[in-house]
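So the structure is just underneath, and the comments pick up after that.
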Amino acid sequence: MPPAAPTAAVLLTLRLSGSLAAATTRELRAAHTAAPADGAAHHRARKALFARLDAALDQPTVGPRYLEDEKMAETLAGEFEMLPETGFVLRAFAILPNHAHAVLHLPPGTGLSLSKALDLLHLRTGAACRRLVRPKLPPAAEFWHPSWHELPLADADETARAVAYVQANARRAGLPPRFQSWPYVTE
Numbered sequence: 775m776p777p778a779a780p781t782a783a784v785l786l787t788l789r790l791s792g793s794l795a796a797a798t799t800r801e802l803r804a805a806h807t808a809a810p811a812d813g814a815a816h817h818r819a820r821k822a823l824f825a826r827l828d829a830a831l832d833q834p835t836v837g838p839r840y841l842e843d844e845k846m847a848e849t850l851a852g853e854f855e856m857l858p859e860t861g862f863v864l865r866a867f868a869i870l871p872n873h874a875h876a877v878l879h880l881p882p883g884t885g886l887s888l889s890k891a892l893d894l895l896h897l898r899t900g901a902a903c904r905r906l907v908r909p910k911l912p913p914a915a916e917f918w919h920p921s922w923h924e925l926p927l928a929d930a931d932e933t934a935r936a937v938a939y940v941q942a943n944a945r946r947a948g949l950p951p952r953f954q955s956w957p958y959v960t961e
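Residue numbers (this note's numbering): 775 to 961.
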């Protein structure tokens, strides 16, 4: 996936390994491949792909739901809250049973590319959470799906809409009230 512009905010989605049915994954991959290569049509296609991905994750039919565990959610929330120490500006995050969202950006001058910083975040959060599910997870199994979905946000208005979306995601997904407040969602 191509990285967003260095100063752009992104809506990031990390999902648990095995959290989507194989048929859904194939459909999403085909939609991504068929999307226009660049410009406004490309951005609209990526937003539509995000909406389809999130809808599938919000109504899971397969896969683990490790993030329902309070200790797991607190661990992941702690990792997200440490992001400003690594140079990120964290605008919002939400933790749902099988995936997590964050709205963030990496300002210029941090010495890291956004793509590299997201890769490190993916590895670090996976390692922290994997320790908690070790008995439930075979040694060779991944915690997170190997890649993530990154939606570049075009401007301040789109970033504000993404923050509102993330903060309301648990309610829209019909999750219990505990998923609608800390440690699961920034306020």
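Glycine residues also receive a C-beta, built at the ideal position from the N, C-alpha and C atoms. In this text the structure is predicted, and so the values were computed from the model without any measurement.
Closest Cα partner of residue i within the set the options
i: Leu786; options: Ala902, Ala891, Leu911 and Arg905; result: Ala891
i: Pro834; options: Ala822, Phe854 and Ser793; result: Ser793
i: Thr899; options: Glu859, Thr849 and Leu888; result: Thr849
i: Ser791; options: Pro913, Arg952, Trp956 and Ser921; result: Ser921
i: Ala902; options: Arg935, Met856 and Pro882; result: Met856
i: Glu859; options: Arg789, Pro838 and Thr884; result: Thr884
i: Leu978; options: Arg952, Ala797, Ala914 and Asp843; result: With the chain running from 775 to 961 in the structure shown, residue 978 is simply not present.
i: Met846; options: Ser889, Arg935 and Lys910; result: Lys910
i: Asp929; options: Pro951, His879 and Thr807; result: His879
i: Lys956; options: Ser889, Thr799 and Glu844; result: Residue identity differs from the one stated: residue 956 is Trp in this sequence, not Lys. Nearest option by C-alpha distance: Glu844.
Same chain only: Cβ atoms within 6 Å of residue i, ignoring 5 sequence neighbours per side
i: Thr933; result: Ala783 and Leu927
i: His875; result: Thr787, Ala868 and Val940
i: Ala779; result: Annotation note: pLDDT 42 at Ala779 (below 50); position unreliable, no value reported.
i: Asn943; result: Ala868
Pairwise C-alpha distance: residue j and residue i
i: Glu916; j: Pro871; result: 16 Å
i: Leu852; j: Thr960; result: Per the sequence shown, the amino acid found at residue 852 is Gly instead of Leu. Roughly 11 Å between the two C-alpha positions.
i: Asp893; j: Leu886; result: 11 Å
i: Phe862; j: Gln954; result: 23 Å
i: Leu897; j: Pro810; result: 30 Å
i: Pro776; j: Gly837; result: Note that Pro776 scores 40 on pLDDT, short of 50, meaning its location in the model is unreliable and no value can be drawn from it.
i: Leu949; j: Phe854; result: 21 Å
i: Glu842; j: Pro912; result: 19 Å
i: Arg935; j: Ala914; result: 38 Å
i: Trp962; j: Ala808; result: For residue 962 there is no data in the structure shown, the boundaries of the chain being 775 and 961.
i: Pro882; j: Asp931; result: 21 Å
i: Arg905; j: Arg952; result: 23 Å
i: Ala815; j: Arg800; result: 22 Å
Min CB distance residue i to chain C below 8 Å
i: Phe953; result: Reference to chain C is not applicable here, since this structure consists of a single protein chain.
Residues near residue i by beta carbon distance below 8 Å, same chain, minus five either side
i: Gly813; result: none
i: Arg946; result: Asp832
i: Leu802; result: Leu794, Leu823, Arg826, Leu827 and Ala830
i: His817; result: Pro926 and Ala928
Beta carbon of residue i nearer than 8 Å to that of residue j
i: Ala805; j: Leu823; result: yes
i: Val907; j: Tyr958; result: no
i: Arg789; j: Leu925; result: no
Residue i CB to nearest heavy atom of the ligand NAP below 7 Å
i: Ala934; result: Among the ligands in the structure shown, none appear at all, so the ligand NAP cannot be discussed.
Beta-carbon proximity list for residue i, same chain, < 7 Å, skipping 5 on both sides
i: His873; result: Thr787, Leu788, Arg789, Leu790, Ser793 and Leu831
i: His923; result: Thr787, Phe824 and Leu827
Worksheet item: How do the segment 857-874 and the segment 936-950 stand: do at least 3 beta-carbon pairs fall below 8 Å, yes or no?
Response: The segment 857-874, when compared against the segment 936-950, does touch it at the 8 Å Cβ threshold.
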